[in-house]
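Trainee:
Residue numbers (our numbering): 14 to 289.
The following block contains the structure:
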């Protein structure tokens with residue numbers, strides 16, 4: 014059982030929380046520096062929260078209304094690991110590969126898709142749109158995110174548009190919403206209920222130190238069924254290419270898509286993880 018988090022009542026409490034929260038992060042992350050600059054400029058916790066509410070990186074990406082429903086702890090966290098997601102955030106080549114290879118393969122399978130982390134649901138909605146347009150049946154997209162406020166927003170189908178006021182939202186058609194579900198989950202703590210034919214994890218791993226990324230990759234590979242696909246992003250592939258040398262998935266061409274290349278390799282990877 015996890016212990017209750019310590020209250021954040023003073024600026025020293027804030028700095029202690031940030032120090033703990035950044036333990037897994039790449040220490041060179043500019044997001045850490047940016048957040049600490051706001052903390053340093055604040056006179057007390059109330060002033061800090063007011064500054065964050067007026068405008069910060071986390072508020073920009075989470076959306077004004079979603080950000081307003083977060084606790085101070087969550088507001089700090091979402092400034093360190095931001096919800097940088099948008100509808101149809103795929104490069105041209107990635108989208109072509111998704112449409113020409115991955116989605117046709119999904120048709121006729123159980124069509125289970127995982128979006129992790131799912132932010133306000135933009136990626137999950139985008140994947141569902143592609144499946145509906147292609148006539149895939151059956152399929153379901155499950156989104157998981159550590160931010161409860163973002164999960165609540167995703168469930169409403171009223172998705173904020175980054176950088177615009179709360180009065181402007183994207184409304185998700187019921188033909189898409191019926192294929193979506195969202196849950197609060199921390200990939201570092203909670204068991205993600207798989208398996209899935211397609212696991213998508215983008216704009217996330219690059220925040221972390223390499224040993225942390227390796228642990229998440231272990232988790233992700235266990236979620237993918239035999240023959241299924243894992244989609245990552247070019248940033249993490251370029252930042253830590255060494256992590257993929259012994260990865261039991263084969264990269265498919267120039268795109269950030271992977272498919273398992275050896276069940277025995279995955280078994281050995283799991284055994285190695287158990288020994289760590």
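For each residue, glycine too, the CB sits at the ideal point set by N, CA and C.
If you're wondering where the values come from, they're calculated on a predicted model, not measured in any experiment.
(1) I need the boundaries of the alpha helix (DSSP H) containing residue 224, first residue and last residue.
(2) What is the C-beta distance between residue 205 and residue 232, in whole angstroms, given that I count them as a contact (C-beta under 8 Å)?
(3) Report, in whole angstroms, the separation of the C-beta atoms of residue 269 and residue 247, which I expect to be a contact under 8 Å.
(4) Could you pull out every unbroken beta strand (DSSP E) segment of at least 3 residues lying fully inside the segment 31-83, listed in chain order?
(5) Less than 7 Å between the C-beta atoms of residue 156 and residue 170, yes or no?
(6) Between the beta-carbon of residue 212 and the beta-carbon of residue 237, is there less than 7 Å?
(7) Counting Cβ pairs closer than 8 Å, one from the segment 95-113 and one from the segment 131-146, do we hit at least three?
(8) For residue 101, does the count of other Cβ atoms within 10 angstroms reach 16, so buried, or fall short, so exposed?
(9) If distances are taken between C-alpha atoms only, which option among 45, 37, 67, 41 comes closest to residue 28?
(10) Please go through the same chain and pick out, in chain order, the residues whose beta-carbon is closer than 6 Å to the beta-carbon of residue 281, but skip the five residues on each side of it.
(11) Do residue 147 and residue 126 have their C-beta atoms within less than 7 Å of each other?
(12) Hey, residue 141 and residue 128: beta-carbon distance below 7 Å or not?
(13) I want to know whether the segment 103-111 touches the segment 80-91 - three or more CB-CB distances under 8 Å.
(14) Note down, one range per segment and in chain order, each beta strand (DSSP E) of at least 3 residues found wholly within the segment 167-232.
(15) Buried or exposed: which applies to residue 80, given that a residue is buried once 16 or more other Cβ atoms fall within 10 Å of its Cβ?
(16) For residue 131, which residues does DSSP report across the bridge?
(17) At what residues does the alpha helix (DSSP H) containing residue 86 begin and finish?
(18) Taking only the alpha-carbon atoms, compute the straight-line gap between residue 82 and residue 92 and give it to the nearest angstrom.
(19) Skipping 5 residues on each side, what residues in its chain have a beta carbon closer than 6 Å to that of residue 190?
(20) For residue 76 versus residue 173, is the C-beta distance shorter than 7 Å?
(21) Hey, quick one: how far does the alpha helix (DSSP H) through residue 251 stretch, first residue to last?
(22) When you compare only the Cα positions, how much space is there between residue 181 and residue 78?
(23) Just to confirm before moving on: does the CB-CB distance between residue 39 and residue 222 stay below 7 Å?
(24) Leaving out five residues on either side along the sequence, give the residues of the same chain with a beta carbon under 7 Å from the beta carbon of residue 228.
(25) Would DSSP call residue 243 helix, strand or coil?
(26) Determine the burial state of residue 202: buried for a count of at least 16 other Cβ atoms within 10 Å of its Cβ, exposed for fewer.
(27) What is the rounded straight-line gap between the Cα of residue 158 and the Cα of residue 56?
Mentor: By the coordinates alone:
(1) Note, residue 224: alpha helix (DSSP H), 223-236.
(2) 7 Å
(3) 6 Å
(4) Runs of the beta strand (DSSP E) lying entirely within the segment 31-83, each at least 3 residues long, are absent.
(5) no
(6) yes
(7) yes
(8) exposed
(9) 45
(10) Reliability of the predicted coordinates at residue 281 is poor, the pLDDT of 42 falling under 50, and the value obtained from them is presented with this limitation in mind. Closer than 6 Å at the Cβ level, and outside the excluded window around residue 281, lies no residue.
(11) no
(12) no
(13) Judged by Cβ distances under 8 Å, the segment 103-111 makes no contact with the segment 80-91, as fewer than three pairs qualify.
(14) Listed in chain order, they are 171-173, 182-184, 193-197, 209-213.
(15) buried
(16) Answer is none; residue 131 lacks a bridge partner.
(17) Looking at the DSSP string, the run of the alpha helix (DSSP H) that includes residue 86 is 85-93.
(18) 15 Å
(19) 170
(20) yes
(21) 247-252
(22) 11 Å
(23) yes
(24) None.
(25) strand
(26) Residue 202 sits exposed, since fewer than 16 C-beta atoms from the chains shown fall within 10 Å of its C-beta.
(27) The alpha-carbon atoms of residue 158 and residue 56 are separated by roughly 32 Å.
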